Amino acid sequence: MLDAKLLEILACPACRGPVTPDADHQWLYCASCRLKYRVKDDIPIMLVDEAEKLADDEQPPAGGDGKGEMH
Ligand SMILES: [Zn+2]
1395 MLDAKLLEIL ACPACRGPVT PDADHQWLYC ASCRLKYRVK DDIPIMLVDE
1445 AEKLADDEQP PAGGDGKGEM H
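According to my numbering, the sequence shown is numbered sequentially starting from 1395.
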């Protein structure tokens, strides 16, 4: 699992927006860019080149983990 403090400082490298982890903390999603970043051995790979595009029917996870809603 990723550290909550780490999650707070992580940002999407493309838009500098917040990223949201999925339940298993295997991916970090950027809803704005519709990209997801792999988490490998608890280390997020925050590189646009390594990111995967979300499928058209794939929804990034909603926040709601106490971090507060994004604007
Ligand atoms: Zn982004």
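Glycine is no exception: its CB is placed at the ideal position from the N, C-alpha and C atoms.
The structure presented is a predicted model; accordingly, all values stated were derived computationally and were not measured.
Within 7 Å of the C-beta of alanine 1449 there is not a single heavy atom belonging to ligand 1. Of all alpha-carbon atoms in Asp1435, Ile1437, Asp1436, Pro1412, the one lying nearest the alpha-carbon of leucine 1429 is that of Pro1412. Cβ-Cβ distances below 6 Å link alanine 1408 to Cys1427, Val1442 in the same chain, with the five nearest sequence neighbours on each side left out; the list follows chain order.
The alpha carbon of valine 1433 has as its nearest neighbour, out of Arg1410, Thr1414, Ala1456, Gln1453, the alpha carbon of Thr1414. For the stretch 1405-1445, the full-length beta strand (DSSP E) segments reaching 3 residues or more read 1421-1424, 1429-1434 along the chain.
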